[in-house]
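Residue numbers (this note's numbering): 150 to 307.
Take a look at the structure set out below.
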């Protein structure tokens with residue numbers, strides 16, 4: 150909520166767990182950001198199986214998006230999907246992000262776009278997300294929100 154990320158329970162973050170298994174931690178579905186702790190994060194595999202005892206579920210759409218990226222981007226230590234007011238506004242513009250300021254130039258160097266297909270619940274959307282993101286680190290999900298990929302959690306937060 151501190152940064153305007155107050156889209157209730159529909160924003161999601163994930164962090165890759167080092168190793169060859171492509172396991173990652175994702176925020177639990179149904180918790181607000183100010184309620185989430187390190188111990189409430191849910192460890193999952195690429196099939197969406199919870200790997201530890203957890204009372205928490207995962208957001209199915211969040212899993213679709215994050216597992217797609219973690220499967221093909223070994224450099225993606227962290228993936229963040231947000232619905233900030235400004236991000237949704239830019240995603241709704243036909244032109245997308247414009248080079249109107251110095252701040253907009255930074256993401257433009259590594260920016261991709263993905264057409265919103267509705268809530269990401271279908272596995273067949275994974276291939277399109279992967280292809281659209283490619284090796285970019287920023288993606289605008291048209292009429293929906295933003296996606297950021299980073300080699301560290303700090304880089305993703307930029």
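Glycine included, each C-beta is placed from N, C-alpha and C at the ideal position.
Chain-order list of residues whose beta-carbon lies under 7 Å from that of residue 189 (same chain, five-residue window excluded): By one-based count along the chain shown, residue 189 stands at place 40. Cβ neighbours of residue 189 beyond the five flanking positions: 177, 180, 205.
Residue 290 burial status per 10 Å Cβ neighbour count (16 or more: buried): In the chain shown, counting from the first residue as 1, residue 290 sits at position 141. Residue 290 should be labelled buried.
DSSP bridge partner residues for residue 175 (one or two, in chain order): Reading the chain shown from its first residue, position 26 is the one you call residue 175. Answer is 163, 191.
Reduced DSSP secondary structure (H/G/I, E/B, other) of residue 261: The residue given as residue 261 occupies position 112 in the chain shown. The answer is strand: DSSP assigns residue 261 an E or B state.
Rounded C-alpha distance that separates residue 263 from residue 210: Locating residue 263 in the chain shown gives position 114, where the first residue counts as 1. Locating residue 210 in the chain shown gives position 61, where the first residue counts as 1. Their Cα atoms are separated by approximately 15 Å.
DSSP bridge partner residues for residue 287 (one or two, in chain order): Numbered from its first residue, the chain shown carries residue 287 at position 138. Bridge partners of residue 287: 260, 297.
Local conformation of residue 268 per DSSP, three classes: On the chain shown, residue 268 is found 119 positions in, with the first residue counted as 1. DSSP places residue 268 in coil when its eight states are reduced to three.
Endpoints, the beta strand (DSSP E) within which residue 186 is located: Stepping through the chain shown from its first residue, residue 186 is reached at position 37. Premise fails: residue 186 is in no beta strand (DSSP E) and is neither H nor E.
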